[in-house]
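Comments concern the structure below.
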Amino acid sequence: MKKIAVFTSGGDAPGMNACIRAVVRTAIFRGLEVYGISHGYDGMIKGSIKKMQSHSVSNIIQRGGTILKTARSEEFRTKEGRQKAFDQLKEFGIEGLVAIGGDGTFTGAKILHEEFGIQVIGCPGTIDNDIYGTDYTIGFDTAVNTALEAIDKIRDTAAAHDRIFFVEVMGRDSGYIAIECGIGGGAEFVMVPETQTDLKKVVKALKNLRKTKSSSIIVVAEGGDEGGAETILEKVKQKIQDPEKEFKVTTLGHIQRGGRPTARDRVLASRCGKAAVDGLIEGKTNCMAGVVNGDVVYTPFADCIGKTKPLKEDHLKLIEILSI
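In case it helps, the working numbering puts the sequence shown at residues -8 to 315.
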């Protein structure tokens, strides 16, 4: 193998730049030419491919977002689109790919490998921490800390005004951000997509909590079965019907995607990026480089995409115990 390329795809995540940096510099250290593909699979189709040097990734490890940009590509979903992408890779002599992203990114990479035989290894770049085969994903720790900082500030004003705040965090299909923010932020309740929400139990507990607590924080993952924070607030208000109790909603939204990555995310991203290049050189393909119990592991894309990553039961129990 002489030439490889790296790209980011899907939603951006803090730490992607650290991963790009690790891929580029590890490739150069190992004697490979390395190229950057702009705007994900869409850029691959259009030939937005540029050779990268060591200085190309200087001063980016601390930056959020991705210097290679990211995009979603409807054209890549077609066989014709993927053929165009592969033809562009052949034009540049690229023999291996490092795909930084999540479930959708890996699905595309898996199909590309199966249809054209190109070597490809993924790095888990998503704030949701929902990918099987790694304890944590790149960007998750930063997203949690960003959300937690906001929750701490909301707690101050909630206490000052005796309010109940419903704070919505990202997590359409995964409650990892909500659970860790809930534990770290001392939330009274956490609502996640993985478990069924018992609104009667929530209402009863909120009424009881008023005897000991003047304010409450409820963290809601956006993909919960009862809806988002706005929807849940209205349902709870109808059941409590207390004119003296004030309810508020804060939706944190895309601030969770941005910002400087934490040290934990930078180290994880660097390890995964290096492991991806090492894996390509060793002949590995159609898999993801992740970290499990402190060790680098390679997990087949079929498992990363096909298996769910369940929440830890003890985390769910912690919320219940510590909110009393």
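Built from N, CA and C at the ideal position, the CB exists for glycine as well.
Residue i vs residue j beta-carbon contact at 7 angstroms
{"i": "residue 87", "j": "residue -8", "result": "yes"}
{"i": "residue 155", "j": "residue 205", "result": "no"}
{"i": "residue 96", "j": "residue 215", "result": "no"}
{"i": "residue 52", "j": "residue 9", "result": "yes"}
{"i": "residue 296", "j": "residue 128", "result": "no"}
{"i": "residue 176", "j": "residue 142", "result": "yes"}
{"i": "residue 252", "j": "residue 133", "result": "yes"}
{"i": "residue 213", "j": "residue 161", "result": "yes"}
{"i": "residue -1", "j": "residue 61", "result": "yes"}
{"i": "residue 114", "j": "residue 280", "result": "yes"}
{"i": "residue 145", "j": "residue 83", "result": "no"}
{"i": "residue 131", "j": "residue 112", "result": "no"}
{"i": "residue 28", "j": "residue 76", "result": "no"}
{"i": "residue 116", "j": "residue 91", "result": "yes"}
{"i": "residue 219", "j": "residue 159", "result": "yes"}
{"i": "residue 227", "j": "residue 172", "result": "no"}
{"i": "residue 225", "j": "residue 302", "result": "no"}
{"i": "residue 12", "j": "residue 48", "result": "yes"}
{"i": "residue 271", "j": "residue 110", "result": "yes"}
{"i": "residue 102", "j": "residue 309", "result": "no"}
{"i": "residue 180", "j": "residue 194", "result": "no"}
Option in the options with minimal Cα separation from residue i
{"i": "residue 71", "options": "35, 286 and 47", "result": "35"}
{"i": "residue 73", "options": "61, 250, 37 and 132", "result": "37"}
{"i": "residue 250", "options": "270, 182, 195 and 7", "result": "7"}
{"i": "residue 94", "options": "106, 54, 120 and 174", "result": "120"}
{"i": "residue 257", "options": "-2, -3, 5 and 118", "result": "5"}
{"i": "residue 239", "options": "81, -5, 150 and 32", "result": "150"}
{"i": "residue 24", "options": "301, 246 and 42", "result": "42"}
{"i": "residue 284", "options": "302, 259 and 12", "result": "259"}
{"i": "residue 100", "options": "198, 277, 269 and 308", "result": "277"}
{"i": "residue 66", "options": "178, 254 and 31", "result": "31"}
{"i": "residue 314", "options": "298, 50 and 196", "result": "196"}
{"i": "residue 54", "options": "254, 235 and 68", "result": "254"}
{"i": "residue 311", "options": "178, -6 and 44", "result": "178"}
{"i": "residue 152", "options": "81, 200, 46 and 235", "result": "235"}
{"i": "residue 26", "options": "81, 69, 104 and 68", "result": "81"}
{"i": "residue 163", "options": "306, 245 and 50", "result": "245"}
{"i": "residue 157", "options": "191, 241 and 190", "result": "241"}
Contact set for residue i: own chain, Cβ-Cβ below 6 angstroms, skip 5 residues either direction
{"i": "residue 56", "result": "3"}
{"i": "residue 237", "result": "154"}
{"i": "residue 183", "result": "166, 169 and 212"}
{"i": "residue 33", "result": "62 and 64"}
{"i": "residue 243", "result": "138, 141 and 160"}
Close Cβ partners of residue i (< 8 angstroms) along its chain, the five nearest in sequence each way excluded
{"i": "residue 273", "result": "none"}
{"i": "residue 188", "result": "182, 215, 216, 217 and 223"}
{"i": "residue 247", "result": "118, 134, 137, 138, 160, 161 and 168"}
{"i": "residue 198", "result": "231"}
{"i": "residue 45", "result": "15, 16 and 19"}
Same chain, Cβ closer than 7 angstroms to residue i, five either side skipped, listed in chain order
{"i": "residue 106", "result": "73"}
{"i": "residue 324", "result": "With the chain covering only -8 through 315, there is no way to say anything about residue 324."}
{"i": "residue 200", "result": "179 and 207"}
Report yes or no: do three or more beta-carbon pairs, one from the segment 275 to 290 and one from the segment 124 to 144, lie closer than 8 angstroms?
-> With a cut-off of 8 angstroms, the segment 124 to 144 and the segment 275 to 290 count as touching, because enough Cβ pairs lie within range.
Just checking, does the segment 7 to 20 make contact with the segment 257 to 277 on the three C-beta pairs under 8 angstroms criterion?
-> As far as the Cβ criterion goes, the segment 7 to 20 touches the segment 257 to 277, which means the pair count is three or higher.
What are the complete beta strand (DSSP E) segments, minimum 3 residues, inside the segment 262 to 296?
-> When DSSP assignments are scanned along the segment 262 to 296, the uninterrupted stretches of beta strand (DSSP E) that are 3 or more residues long and fall wholly within it turn out to be 278 to 283 and 286 to 291.
Is the number of C-beta pairs between the segment 166 to 176 and the segment 223 to 232 that are closer than 8 angstroms three or more?
-> Segment contact: the segment 166 to 176 against the segment 223 to 232, fewer than three CB-CB distances shorter than 8 angstroms; contact not assigned.
Output the residue ranges of the beta strand (DSSP E) runs that lie fully inside the segment 132 to 170 and measure 3 residues or longer, sorted by chain position.
-> Correct list: 154 to 160.
Sequence ranges, beta strand (DSSP E) only - wholly within the segment 204 to 249, length at least 3 | As far as the segment 204 to 249 is concerned, its whole beta strand (DSSP E) runs of at least 3 residues are 207 to 212 and 237 to 242.
Segments of 3+ residues assigned as beta strand (DSSP E) that fall wholly inside the segment 27 to 86 | You should have 40 to 43.
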